[in-house]
Amino acid sequence: MIAGARRRAVRDGDRQIDTAHLLHSLLESDPEARAAFGDGPRIARLLGYLVQRSIGYGLRWQSGVEDSGAVPVVTEAAGFSPLAAASMEYACARAVRHGGPARGTDLLAAIVVDPQARAVEVLERAGIDAHEVLARLESRSGRPQECVGGGETAP
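Just so we're on the same page, the working numbering is the position in the sequence shown counted from 1, plus 49.
Put into structure tokens, the structure is as follows:
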């Protein structure tokens with residue numbers, strides 16, 4: 050999944066893997082993560098928007114670094130935006146909390162909790178509420194999610 054996000058970032062001319070690249074790769078490779086979005090038309094609309102981003106919409110993002118300011122800048126994760134690196138760490142921590150290996154749904158939960166994430170902007174532009182996606186993930190896991198910046202998400 051990470052290799053797919055890395056290829057997409059390189060192909061898009063982006064300097065770093067951001068949360069939108071991770072989202073795109075998750076949708077293409079993880080049926081469980083895809084299921085969190087509900088029916089087929091929503092997935093089709095979201096994938097269509099992600100493809101549009103990769104062929105030009107993302108150009109406005111190439112000069113900047115994805116960073117919400119809610120998490121400290123992570124320098125060890127070369128090739129990832131600070132928010133994408135924090136999301137990867139959060140996904141691993143979430144998996145540890147529920148006693149299993151990290152799954153795509155852990156990463157999806159991590160990338161939709163920060164409203165400044167590019168993945169959340171992509172979801173909004175595709176008409177998908179990130180809070181709704183997170184609620185679906187919570188209902189499947191039975192555990193409330195914590196925000197990347199700390200605290201729990203609002204119900």
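Note that beta-carbon positions come from the ideal geometry of N, C-alpha and C, so glycine has one too.
For aspartate 155, the CB contacts under 6 angstroms within the same chain, skipping 5 residues up- and downstream, are Ala140, Arg143 and Ala144 in chain order.
The shortest C-alpha to C-alpha distance from aspartate 61 to any of Ser103, Arg167, Pro150 and Leu96 is the one to Ser103. One thing to note: alanine 84 has its Cβ no nearer than 7 angstroms to the Cβ of valine 182. Alanine 175 and glycine 87 have their C-alpha atoms roughly 14 angstroms apart. Under the three-state reduction of DSSP output, isoleucine 160 falls in the helix class. Around the beta carbon of alanine 69, 16 or more other beta carbons lie within 10 angstroms, which makes this residue buried.
The residue from Gly97, Glu173 and Arg152 with its alpha-carbon nearest to that of valine 161 is Glu173.
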